[in-house]
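Read the structure below first, then the notes.
2 protein chains.
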Amino acid sequence: MEHNSENCRSNCPINFVLETFGDKWTLLVVRDLMFKGKKYYGEFLESHEKISTNILAERLQRLEAHGVTSKQKDPDHKSKFIYALTEKGKALLPIMLEITQWSSTYDSLTNTPKTFSEAISADKEGVMKTVMASLDTKNKK
Amino acid sequence: MEHNSENCRSNCPINFVLETFGDKWTLLVVRDLMFKGKKYYGEFLESHEKISTNILAERLQRLEAHGVTSKQKDPDHKSKFIYALTEKGKALLPIMLEITQWSSTYDSLTNTPKTFSEAISADKEGVMKTVMASLDTKNKK
DNA sequence: AAAAGTACTTGCAAAATACAAGTTGACCGG
DNA sequence: CCGGTCAACTTGTATTTTGCAAGTACTTTT
Numbered sequence: 001m002e003h004n005s006e007n008c009r010s011n012c013p014i015n016f017v018l019e020t021f022g023d024k025w026t027l028l029v030v031r032d033l034m035f036k037g038k039k040y041y042g043e044f045l046e047s048h049e050k051i052s053t054n055i056l057a058e059r060l061q062r063l064e065a066h067g068v069t070s071k072q073k074d075p076d077h078k079s080k081f082i083y084a085l086t087e088k089g090k091a092l093l094p095i096m097l098e099i100t101q102w103s104s105t106y107d108s109l110t111n112t113p114k115t116f117s118e119a120i121s122a123d124k125e126g127v128m129k130t131v132m133a134s135l136d137t138k139n140k141k
Numbered sequence: 142m143e144h145n146s147e148n149c150r151s152n153c154p155i156n157f158v159l160e161t162f163g164d165k166w167t168l169l170v171v172r173d174l175m176f177k178g179k180k181y182y183g184e185f186l187e188s189h190e191k192i193s194t195n196i197l198a199e200r201l202q203r204l205e206a207h208g209v210t211s212k213q214k215d216p217d218h219k220s221k222f223i224y225a226l227t228e229k230g231k232a233l234l235p236i237m238l239e240i241t242q243w244s245s246t247y248d249s250l251t252n253t254p255k256t257f258s259e260a261i262s263a264d265k266e267g268v269m270k271t272v273m274a275s276l277d278t279k280n281k282k
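Protein chains in written order, with this note's numbering: chain A, 1 to 141; chain B, 142 to 282.
Below, the structure written as structure tokens:
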């Protein structure tokens, strides 16, 4: 569960996130967990970018191994697992919001709702609290 | 120079940055330009992570194609090119600082100086101004 | 004029990814 | 209580990307 830069290419903080998230798919799983309310394997597969199933399985395993996500049996459905962000995973929120702002600025075709990017600009702390609250609610349900 | 999500997998802002930076190397080049004062091809090759020369060439081309970096002849050395961040590239700074904070928190072996992460916590705007100023100075030299 | 520096390009083996199909254990309707 | 469907993967293979070593062309230094 604990993970540090011991076996990484360097101890640089930028490199450290790349060792876990440096590919085209991993951060999309985080996005789905953080903003889309997804928690089942099958839900991640449905995302618009169409991750393939072997890649998804490998990424979920890696995220769990690095302490970013958790995996638990769904008490209501024995054949399902509930994936969720750990505290370490939730702590990615500021990065995710800054990424959203950058893309909203430089992608003329972005699908970020203007209300959302304006809310981040006006009150980033408030948006963070709202998102965090939504994650807690989901877990308790 | 203009780039948007037209030919991307989706119009999601998270995916948009992945289309340009979603690999193990690209963001290290940005780091070297932003924080390490590097500007020559050979300097990027020297970084601790040891990017290979063909990958570096391809990434610099992509960054330039996406409007994140610029490339100009060095007036003093005809065999050298100066690489620099554009405004779009400099605008990645908030993301880079949040990444630094996250890694400094969760990597027990991080090489981030405590003075730096504390400065970001205490006065992020101030740190941003300092870094931005250093980038402007470099360009004018 | 020869050697070294700078920014690449090329070739090839190894690793990662994409796509399709198969497996295993619930769950559900009749 | 049996067959079909659902859910979460695993396996196999073709394609793409990466990693490493070597080579090229132009400049600068000695």
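We put the beta carbon where it would ideally sit given N, CA and C, even for glycine.
6 Å CB neighbourhood of residue i in its chain, flanking five on each side removed
i	result
residue 211/B	225 and 227
Close-in-space but distant-in-sequence residues of the same chain around residue i (CB under 7 Å, 5 per side omitted)
i	result
residue 207/B	144 and 161
Same chain only: Cβ atoms within 8 Å of residue i, ignoring 5 sequence neighbours per side
i	result
residue 147/A	Residue 147/A is absent from the structure shown; chain A starts at 1 and stops at 141.
residue 275/B	178
residue 234/B	175, 269, 272 and 273
residue 251/B	244 and 245
residue 209/B	161, 171, 226, 227, 229, 230 and 233
C-alpha distance - residue i paired with residue j, whole-angstrom precision
i	j	result
residue 229/B	residue 238/B	16 Å
residue 283/B	residue 181/B	Beyond the ends of chain B as shown, which are 142 and 282, falls residue 283/B; an answer cannot be given.
residue 141/A	residue 55/A	Low per-residue confidence applies at residue 141/A: pLDDT is 42, beneath 50, and the placement is therefore not dependable, though the value from the model is reported in the following sentence. Residue 141/A and residue 55/A: Cα-Cα distance of roughly 29 Å.
residue 12/A	residue 175/B	14 Å
residue 124/A	residue 117/A	9 Å
residue 172/B	residue 185/B	10 Å
residue 262/B	residue 101/A	20 Å
residue 90/A	residue 220/B	47 Å
residue 46/A	residue 52/A	10 Å
residue 15/A	residue 114/A	32 Å
Proximity test, Cβ basis, 7 Å: residue i and chain A
i	result
residue 275/B	no
residue 193/B	no
residue 190/B	yes
residue 158/B	yes
residue 178/B	no
7 Å Cβ cutoff, residue i in contact with chain B
i	result
residue 45/A	no
residue 98/A	yes
residue 10/A	yes
Residues that residue i contacts on chain B, provided the C-beta gap is smaller than 8 Å
i	result
residue 83/A	Those do not exist, as residue 83/A stays about 17 Å from chain B at its closest Cβ, beyond 8 Å.
residue 126/A	Those within 8 Å of residue 126/A in chain B number zero; the least Cβ separation is about 17 Å.
Contact list for residue i against chain A, beta-carbon separation under 8 Å
i	result
residue 232/B	102, 105 and 106
residue 259/B	Result: empty, since nearest Cβ-Cβ is about 14 Å, beyond 8 Å.
Contact list for residue i against chain A, beta-carbon separation under 7 Å
i	result
residue 253/B	13
residue 229/B	106
residue 283/B	As shown, chain B starts at 142 and ends at 282. That puts residue 283/B outside it, with no answer to give.
residue 168/B	14 and 18
Proximal chain B residues relative to residue i, where beta-carbon distance stays under 9 Å
i	result
residue 56/A	The premise fails here: residue 56/A is roughly 15 Å from chain B at the closest Cβ pair, so nothing lies under 9 Å.
residue 7/A	Chain B residues near residue 7/A: none, gap ~10 Å exceeds 9 Å.
Residue i: CB within 6 Å of a non-hydrogen atom of the ligand PLP
i	result
residue 262/B	Only the bare structure without any ligand can be found here, which leaves the ligand PLP out of the picture.
Partners in chain B for residue i, counting only beta-carbon separations shorter than 7 Å
i	result
residue 23/A	163 and 164
Ranges of the beta strand (DSSP E) found wholly within the stretch 182-265 of chain B, counting only runs of at least 3: You should have 210-214 and 222-226.
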